[in-house]
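Taking UniProt numbering, the leading residue of the sequence shown gets 1, the next gets one more, and so forth. Below you'll find the structure, written out as structure tokens, and then a few comments.
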Amino acid sequence: NTSGNFVTGNTNTASGTLTGNGVNGNANTASGTATGNLVTGDANTASGAQSGNLVNGSFNTVSGSNSGNKVHGDSNTVIGTDSGNKVRGDNNTVTGTDSGNKVRGNNNTVTGNESGNKVHGDNNTVTGNESGNKVRGDNNTVTGNESGNNVLGNNNTAAGDSSGNHVWGDSNTASGTSSGNHVWGNSNTASGTSSGNHVWGDSNTASGTDTGNGVLGNSNTASGTSSGSSVLGSSNTASGTDSGNDVTGLSNTSSGTDTGNTVAGAANTATGTATGNDVTGIANTASGTASGNSVTGIANTSSGTFTGNDVTGSSNTASGTYVGNNVSGNANTTFGNSSGSSITGSANTSFGISTGNTVNGSANTSFGNSAGNTVAGNNNTSFGISTGNTVAGSNNTSFGNNSGNNVTGSNNVAIGNNSGNNVQDSNTVSIGTNAHGSADSSVAIGAGASASGASSISIGPGNVVSGTGSGAIGDPSTVTGNSSYSIGNDNTISSNNTFAIGNNISQTTNNSIVLGNNSSSTAAVATAGTSINGSSYSFAGASPVGVVSVGSAGNERQIQNVAAGQVNATSTDAVNGSQLFAAYQSIGQFDTRINRVGAMAAAISGLAPLDYDKKNKTMISASTGNYRGQGAIAFGAYHYVNRDVLLGAAMALDSGERMWRFGVTVRLGKSSPEVKAMDNSADIAALKKEIEALKLEMGSVKTEKQIVNEALGNIQFDFDKSDLKPEMAPYLLKVLEYAKKHDGEKLVLTGNTDNVGTDTYNTALAMQRAEAIKSFLVSNGIDQSRIQVISMGASHPIASNDTEVGRAINRRTEIQ
Numbered sequence: 001n002t003s004g005n006f007v008t009g010n011t012n013t014a015s016g017t018l019t020g021n022g023v024n025g026n027a028n029t030a031s032g033t034a035t036g037n038l039v040t041g042d043a044n045t046a047s048g049a050q051s052g053n054l055v056n057g058s059f060n061t062v063s064g065s066n067s068g069n070k071v072h073g074d075s076n077t078v079i080g081t082d083s084g085n086k087v088r089g090d091n092n093t094v095t096g097t098d099s100g101n102k103v104r105g106n107n108n109t110v111t112g113n114e115s116g117n118k119v120h121g122d123n124n125t126v127t128g129n130e131s132g133n134k135v136r137g138d139n140n141t142v143t144g145n146e147s148g149n150n151v152l153g154n155n156n157t158a159a160g161d162s163s164g165n166h167v168w169g170d171s172n173t174a175s176g177t178s179s180g181n182h183v184w185g186n187s188n189t190a191s192g193t194s195s196g197n198h199v200w201g202d203s204n205t206a207s208g209t210d211t212g213n214g215v216l217g218n219s220n221t222a223s224g225t226s227s228g229s230s231v232l233g234s235s236n237t238a239s240g241t242d243s244g245n246d247v248t249g250l251s252n253t254s255s256g257t258d259t260g261n262t263v264a265g266a267a268n269t270a271t272g273t274a275t276g277n278d279v280t281g282i283a284n285t286a287s288g289t290a291s292g293n294s295v296t297g298i299a300n301t302s303s304g305t306f307t308g309n310d311v312t313g314s315s316n317t318a319s320g321t322y323v324g325n326n327v328s329g330n331a332n333t334t335f336g337n338s339s340g341s342s343i344t345g346s347a348n349t350s351f352g353i354s355t356g357n358t359v360n361g362s363a364n365t366s367f368g369n370s371a372g373n374t375v376a377g378n379n380n381t382s383f384g385i386s387t388g389n390t391v392a393g394s395n396n397t398s399f400g401n402n403s404g405n406n407v408t409g410s411n412n413v414a415i416g417n418n419s420g421n422n423v424q425d426s427n428t429v430s431i432g433t434n435a436h437g438s439a440d441s442s443v444a445i446g447a448g449a450s451a452s453g454a455s456s457i458s459i460g461p462g463n464v465v466s467g468t469g470s471g472a473i474g475d476p477s478t479v480t481g482n483s484s485y486s487i488g489n490d491n492t493i494s495s496n497n498t499f500a501i502g503n504n505i506s507q508t509t510n511n512s513i514v515l516g517n518n519s520s521s522t523a524a525v526a527t528a529g530t531s532i533n534g535s536s537y538s539f540a541g542a543s544p545v546g547v548v549s550v551g552s553a554g555n556e557r558q559i560q561n562v563a564a565g566q567v568n569a570t571s572t573d574a575v576n577g578s579q580l581f582a583a584y585q586s587i588g589q590f591d592t593r594i595n596r597v598g599a600m601a602a603a604i605s606g607l608a609p610l611d612y613d614k615k616n617k618t619m620i621s622a623s624t625g626n627y628r629g630q631g632a633i634a635f636g637a638y639h640y641v642n643r644d645v646l647l648g649a650a651m652a653l654d655s656g657e658r659m660w661r662f663g664v665t666v667r668l669g670k671s672s673p674e675v676k677a678m679d680n681s682a683d684i685a686a687l688k689k690e691i692e693a694l695k696l697e698m699g700s701v702k703t704e705k706q707i708v709n710e711a712l713g714n715i716q717f718d719f720d721k722s723d724l725k726p727e728m729a730p731y732l733l734k735v736l737e738y739a740k741k742h743d744g745e746k747l748v749l750t751g752n753t754d755n756v757g758t759d760t761y762n763t764a765l766a767m768q769r770a771e772a773i774k775s776f777l778v779s780n781g782i783d784q785s786r787i788q789v790i791s792m793g794a795s796h797p798i799a800s801n802d803t804e805v806g807r808a809i810n811r812r813t814e815i816q
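If you want it as structure tokens, here you go:
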């Protein structure tokens, strides 16, 4: 008998071949071939071929072939083939084929084929085929096929096929198909299909399909489809489809479809569709569709459609449709549609539609539709529609529709519709509809006002100022001359350095002032002096540079309330009516005295002595005279000392005026015995000849200044030249001698030209010639402060300009 041998105990039962041998215990039952051998313990039951062998324990139950062998423990139950072998522990239950082998622990339950093998731990539960194998830990639960294998840890749960495999850690949960595999960490949760795989970290959650895979970090959450995978970091959240993948960082959030992928940084948020992808930075926020992609920086915000993409910088904000794209800089803000894109710079702001695009600079602001586009510069501001476009410069400001466009320059201001466009300079001001200040530092104020001259001012509707440094106040006036001003309406100023105050002024000359409505001016006429009764008189102010006009022909005006001017040889003051009245009175008195003198002279000339009478040597004479209605009387007395010597005295009287004479007449030679009446006509004729000769002699006496001017007259410049020539040296030395002799005297050099060329050219050439002589004097020791240079141009010829000789004479310099 090959069964029931070597049994120690009571009520042991062996049924079969090679069964129940080597039993030490009570109530053990063995049924089958080669079953229940080498059992130590009580109430053990083995049913099946080659089962229940090498059992050390009690109440163990084995049902199946090749099962329940090498069991150490109590109350273990094995049902199936090739199962429950090499078990060490109590209350373990195995149901299935090739399951529950190599178990060390208590209260483990295995249900399924090829499951629960190589389990080390307590209270582990496996339900399914090929599941729960190679488990080390307690309280692990596996439900599903090919799940819960290679688990190291406690309280791990796997529910679903091919889930919860290769888990190292505690309290990890995998529910779904192919989820929660290759997990290293604790409290990780995977729910769905192909989710939560390849996770390293704690408290990571994945719910959905193909979600939360490839995670290294803690507290990451992924929900949806194909979201939250390839995450390196913690506290990242992804919800939606194809969202939150390829994330490196902390606390990044993505919600939507194709959102928040390829993110490196922290606290980045993406909500919407195709939003917040390719982000590197911190606290960037994107919401909407196709927004906030390709962002590098901090705290950038985009909301809308196709907004805030391709941004490099921080604190940029874009809200709207097609706004804030291709931005490089910080703190740029744009609200609207198709605005704020292609920005390089910081602190740029745009509000409106198609506004603030293609900006290269910082602190530029645009409000309105189609405003502030294509700007290169800083601190430019535009308010309105189609305003502030194509600007190259800084600190330009435009308010109004279609204003401040095509500007190259800085500090330009345009206020009003269609104002300040096409400006290629700086510091201009254009205020009013169609106002245009286009030259450097020009100002145009008023509808249609234009200031195109540098530093020009145009104030009033329709004023046009093109001269440099000129201005117009009123409307509508035109100023084309330089340094000229118009105050009033309908004036036209084409001359330089001219000031017009009034209306309808058009005829003006250089360096002049025109006052009053319908006034005009003509060129100044130099008056150096005059000749009165053969005597020459020089006038101060002989070289006028312009005129002052207060009217025109037929529109003359009085100048009232004029202060009395100085009256002396050098005064150029205006005189008033009272001064002329005093002069008239003085001239009237002078005329009266002249008339009196004439009358008295006529009366005296009427006195004559009688012929010599040796008996009556003394005689008296009386006469009357009249000159220009003025009468006088004369009395005379004569006495012959002898016939060859006559003494005479006479007096003429007229209204208190007196004229007297004393004389002696001596006869030369032998006197004639015949007494004849006196005939002095020959003496008078001789006296006249003597006077005329004296006049000729006095006229030939020249003053030093005349001599100097003659020398200057010999300094005749070549045509169109102001160069000093060697042959001029003798005459220049005479001028130098005069200047040194009269040290302290003010010298006024006046330059003159012929009439060939324009007035402007001749004025400049005359100035150059006078300056050439001044330079000679200064270089030879004359203080330049003594010398004043005036240009007369061609206005003072001293010879005819019709011949070359005359023109050569006119090319001269004079001293005043």
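Yeah, the Cβ is synthetic: ideal placement off N, Cα and C, and Gly gets one too. Just so you know, these numbers come straight off a predicted model, no measurement behind them.
Asked: Is Q630 helix, strand or coil when you go by DSSP?; Found: strand
Asked: Using the beta-carbon count (16 or more within 10 Å), is V391 buried or exposed?; Found: buried
Asked: Using a Cβ-Cβ cutoff of less than 6 Å, which residues in the same chain neighbour T397 once the five nearest sequence positions on both sides are dropped?; Found: T381 and V413
Asked: If I follow the unbroken beta strand (DSSP E) through G281, where does it start and stop?; Found: V279 to I282
Asked: So the candidates are Q424, F499 and N133; which of them puts its Cα closest to the Cα of G112?; Found: N133
Asked: Output the boundary residues of the alpha helix (DSSP H) element that contains N762.; Found: D759 to S779
Asked: What residues in its chain sit with their C-beta under 7 Å from that of W660, if we drop five residues either side in the sequence?; Found: A650 and M651
Asked: Report the rounded CA-to-CA distance for E697 versus L724, giving the unit in angstroms.; Found: In this prediction, E697 has a pLDDT of 44, which is less than 50 and means its spatial position is unreliable; what the coordinates show is noted afterwards. If I take the Cα positions, the gap works out to 36 Å.
Asked: Distance, Cα to Cα, K86 vs N53?; Found: 10 Å
Asked: Excluding five sequence neighbours on each side, which residues of the same chain lie with their C-beta closer than 6 Å to the C-beta of S800?; Found: G806
Asked: Should E130 go down as buried or exposed, given a rule of 16 or more other Cβ atoms within 10 Å for buried?; Found: buried
Asked: Label E114 either buried or exposed according to how many other C-beta atoms from any shown protein chain fall within 10 Å of its C-beta, with 16 as the threshold for buried.; Found: buried
Asked: Are S175 and N155 touching if we call contact CB-CB under 8 Å?; Found: no
Asked: Evaluate F6 with the Cβ neighbour count: other Cβ atoms within 10 Å of its Cβ, from every protein chain shown; 16 or more gives buried, anything less gives exposed.; Found: exposed
Asked: Could you give the distance in angstroms between the alpha-carbon of V664 and the alpha-carbon of L646?; Found: 6 Å
Asked: Among A794, A43 and S15, which has the Cα closest to the Cα of G25?; Found: A43
Asked: What's the gap between the Cα of V231 and the Cα of G260?; Found: 11 Å
Asked: Can you tell me where the beta strand (DSSP E) holding residue 825 begins and where it ends?; Found: There is simply no residue 825 to check, as the chain begins at 1 and stops at 816 in what is shown.
Asked: Along the chain, where does the alpha helix (DSSP H) that runs through I707 open and close?; Found: E704 to G713
Asked: Between the C-alpha atoms of T77 and S179, what's the straight-line distance to the nearest angstrom?; Found: 31 Å
Asked: How many angstroms separate the CA atom of E657 from the CA atom of R593?; Found: 8 Å
Asked: Measure the Cβ-Cβ separation of G420 and G437 and say whether it is below 8 Å.; Found: yes
Asked: Rounded to whole angstroms, what's the CA-CA distance from N56 to K102? Just pull it up for me.; Found: 15 Å
Asked: Assuming G806 is part of the alpha helix (DSSP H), what are its boundary residues?; Found: E804 to N810
Asked: Between the Cα of N150 and those of N117, A270, G144 and G160, spot the shortest distance and give me the residue it belongs to.; Found: N117
Asked: Determine the contact status of A283 and A267, defining contact as a CB-CB distance below 8 Å.; Found: yes
Asked: Below 8 Å, how does it come out for the region 503 to 515 and the region 528 to 536: are there three or more Cβ pairs, yes or no?; Found: no
Asked: Output the residue ranges of the beta strand (DSSP E) runs that lie fully inside the region 142 to 195 and measure 3 residues or longer, sorted by chain position.; Found: 157 to 159, 173 to 175 and 189 to 193
Asked: Would you call the CB atoms of S521 and V547 closer than 8 Å?; Found: yes
Asked: Please return the same chain residues whose Cβ sits closer than 8 Å to the Cβ of V565, not counting the five positions on each side in sequence.; Found: Sequence check: residue 565 is Gly here, not Val. Cβ neighbours of G565 beyond the five flanking positions: S571, D573, A574, V575, N576 and Q579.
Asked: Along the chain, where does the alpha helix (DSSP H) that runs through Y738 open and close?; Found: A729 to K741
Asked: Which complete beta strand (DSSP E) runs does the region 3 to 60 hold, if anything under 3 residues is left out?; Found: 13 to 15, 29 to 31 and 45 to 47
Asked: What does a CB cutoff of less than 6 Å around N107 pick up in its chain, not counting 5 residues either side in sequence?; Found: N91, D122 and N123
Asked: Taking the straight line between their C-alpha atoms, what separation do you get for K70 and G196?; Found: 38 Å
Asked: In the structure shown, what three-state DSSP assignment does R667 receive?; Found: coil
Asked: In or out: V789 buried (at least 16 other Cβ within 10 Å) or exposed?; Found: buried
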